[in-house]
Amino acid sequence: AKNVVNHNDQDQGLVRPIVLGFSQLGSESAWRNANTISIREAAEEAGIELHFEDADQSQSKQFEAIRTFIKQKVDVIAIAPVIESGWEPILKEIKQAGIPLIILDRLVNVSDPSLYVTYIGSDFYEEGRKAGKYVIDKMNSRKDTVGIVELVGTEGSTPSIARGKGFRDVIKEHANLKILKSESADFTFAQGKQVMKSILTNMSNEINVLYSHNDDMALGAIEAIEEFGLRPGKDIIIISVDGTNKAFEKMAEGKINSVVECNPLLGPNLMQAVNELMQGRSLPKRIVTPESVFTETMALEEVGKRKY
Ligand code: AHR
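Quick note, the sequence shown lines up with residues 86 to 393 if you use my numbering.
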């Protein structure tokens, strides 16, 4: 039989499925929902028993889930951490329990990297750089000030930190590109709409570009821009991150100008890592998923092909 273990005392001589405890940070976005489905499907496909907990964007709920997994004596724990800080003590509890840990999607900020085996996910810093390069190209002919609004994801989370830094590192050589406002909308449609609405009320005349850290916030912002009487994609150039179906539809309509891809389909990578771990193989400390950038001209061709 594949993907089974017979390594604990009670089960001696018997084989049973590998048990994976996965703490998902929430269900805040279309990306996250696709990520959850990918993990559930890949576990089933691999014959791995999945104990799944959704933490509703709360770090303390993630701690609770992890303690449950430890009590259940799962074979492997995987975590998609909501924010980067505050993980060291609980990671030590996992280590003391002798359970290998995989970090998925977002990173943890810990002084001892031996607390986890591998980190699987996107290069968020590179995504921010790609977004910055797009803005530089698109605004190339403008020598006067280009006003940029940045909708930031969850504060303290890896994608928010790294997408912000990558973007700034690229645009800093261009003095006329100015970030006028940078505000968190927690990666959700509702907050994207609400935050954009209030920014428009205060400075609509100065905004040339919206850089949104994810598609859900961009889609919310598009509604706010239209309700304000402006044309998304024309009066305000919009660049977003993720590459969901809905964002591609808006890009095909000319309401989003570019999307930097962030791949949520991490289930197969995770299950492969779990299997290799259980077979005693060593894993690279970092596993990065390959990703592209899409612009309006590609949108129509791609729109029906997206898997999420
Ligand atoms: O951590 C990945 C990010 O989290 C995605 O870009 C976003 O949509 C999600 O909420």
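From the three backbone atoms N, C-alpha and C, an ideal C-beta is built for every residue, glycine too. Here the structure is a predicted model, which is why all the values come from computation and not from measurement.
Report yes if the CB atom of M281 is closer than 9 Å to the CB atom of G305, and no otherwise. Within the sequence shown, residue 281 is the residue found at index 196, counting from 1. Within the sequence shown, residue 305 is the residue found at index 220, counting from 1. Yes. Within cutoff.
Selected residue, minimal CA-CA separation from P31, among I264, D300, F107 and T329: The structure shown does not extend to residue 31, since the chain is modelled only from 86 to 393, so the question has no answer here.
For F272, the nearest candidate out of L265, I284, L295 and A303 (CA to CA): Position 187 of the sequence shown holds residue 272. F272 has its Cα closest to that of A303, out of L265, I284, L295 and A303.
What do you get for T230, buried or exposed, if any count of 16 or more other CB atoms within 10 angstroms of its CB means buried? Mapped onto the sequence shown, residue 230 falls at position 145. It is exposed - the Cβ of T230 has fewer than 16 other Cβ atoms within 10 Å.
Range of the contiguous beta strand (DSSP E) that encloses Q109: For the purposes of this step, residue 109 is identified with residue 24 of the sequence shown, where counting begins at 1. Q109 -> beta strand (DSSP E) spans V104 to Q109.
Compute the Euclidean distance between the alpha carbons of S199 and S145, then round it to the nearest angstrom. As a first step, residue 199 is located in the sequence shown; it is residue number 114 there, counting from the start. As a first step, residue 145 is located in the sequence shown; it is residue number 60 there, counting from the start. If you take the alpha carbons of S199 and S145, they lie about 22 Å apart.
What is the rounded straight-line gap between the Cα of N93 and the Cα of V159? Here residue 93 refers to the residue found at position 8 of the sequence shown. Here residue 159 refers to the residue found at position 74 of the sequence shown. With a pLDDT of only 48 at N93, under the threshold of 50, the placement of this residue in the model should not be trusted, and no figure is reported.
Determine the burial state of M356: buried for a count of at least 16 other Cβ atoms within 10 Å of its Cβ, exposed for fewer. The residue given as residue 356 occupies position 271 in the sequence shown. By the neighbour-count rule (16 or more Cβ atoms within 10 Å), M356 is buried.
Check this for me: beta carbons of Y296 and A216, under 9 Å apart or not? Stepping through the sequence shown from its first residue, residue 296 is reached at position 211. Stepping through the sequence shown from its first residue, residue 216 is reached at position 131. Yes. Within cutoff.
By alpha-carbon positions, which one of R253, I164, D254 and A115 ends up nearest to F137? Residue numbering aside, residue 137 sits at position 52 when the sequence shown is read from its first letter. Nearest C-alpha to F137: I164.
Quick one: is the Cβ of F137 within less than 8 Å of any heavy atom of the ligand AHR? The sequence position of residue 137 within the sequence shown is 52, counting from 1. Checking the Cβ of F137 against the ligand AHR gives no.
For Q157 versus V104, is the C-beta distance shorter than 9 Å? If you number the sequence shown from 1, residue 157 lands on position 72. If you number the sequence shown from 1, residue 104 lands on position 19. Going by C-beta atoms, Q157 is nearer than 9 Å to V104.
Our contact map puts E308 next to K335 with C-beta atoms below 8 Å; I'd like the distance itself, whole angstroms only. In the sequence shown, counting from the first residue as 1, residue 308 sits at position 223. In the sequence shown, counting from the first residue as 1, residue 335 sits at position 250. Contact doesn't hold; Cβ gap of about 10 Å is too wide.
Name, in chain order, the residues that DSSP records as bridge partners for D320. Against the sequence shown, residue 320 aligns to sequence position 235. Partner(s): none; D320 has no beta bridge.
On the premise that G238 lies in contact with G213, defined as a C-beta separation below 8 Å, what is that separation, rounded to the nearest angstrom? Taking the sequence shown and counting its residues from 1, one reaches residue 213 at position 128. Taking the sequence shown and counting its residues from 1, one reaches residue 238 at position 153. Rounded, the Cβ-Cβ distance is 11 Å, inconsistent with contact.
Measuring only the C-alpha atoms, how far is T243 from L192? Counting from one through the sequence shown, the residue named residue 243 turns up at place 158. Counting from one through the sequence shown, the residue named residue 192 turns up at place 107. Their backbone Cα atoms lie some 6 Å apart in a straight line.
Should D300 be listed as close to the ligand AHR, given that the test is whether its C-beta is under 8 Å from any heavy atom? By 1-based counting over the sequence shown, the position of residue 300 is 215. Under cutoff, so the answer is yes.
The beta strand (DSSP E) that contains K156, what's its start and end? The residue labelled residue 156 in the question sits at position 71 within the sequence shown. K156 -> not in any beta strand (DSSP E); alpha helix (DSSP H) instead, spanning Q144 to K156.
Compute the beta-carbon to beta-carbon distance between E311 and G328, rounded to the nearest angstrom, for a pair I have assumed lies under 8 Å. Taking the sequence shown and counting its residues from 1, the one referred to as residue 311 is at position 226. Taking the sequence shown and counting its residues from 1, the one referred to as residue 328 is at position 243. Not confirmed; about 22 Å, so no contact.
In three-state DSSP terms, what is A270? Here residue 270 corresponds to residue number 185 of the sequence shown, with the count starting at 1. Here A270 sits in coil by DSSP.
Could you check whether D222 and I205 sit closer than 9 Å to each other, using their CB atoms as the reference points? By one-based count along the sequence shown, residue 205 stands at place 120. By one-based count along the sequence shown, residue 222 stands at place 137. Going by C-beta atoms, I205 is not nearer than 9 Å to D222.
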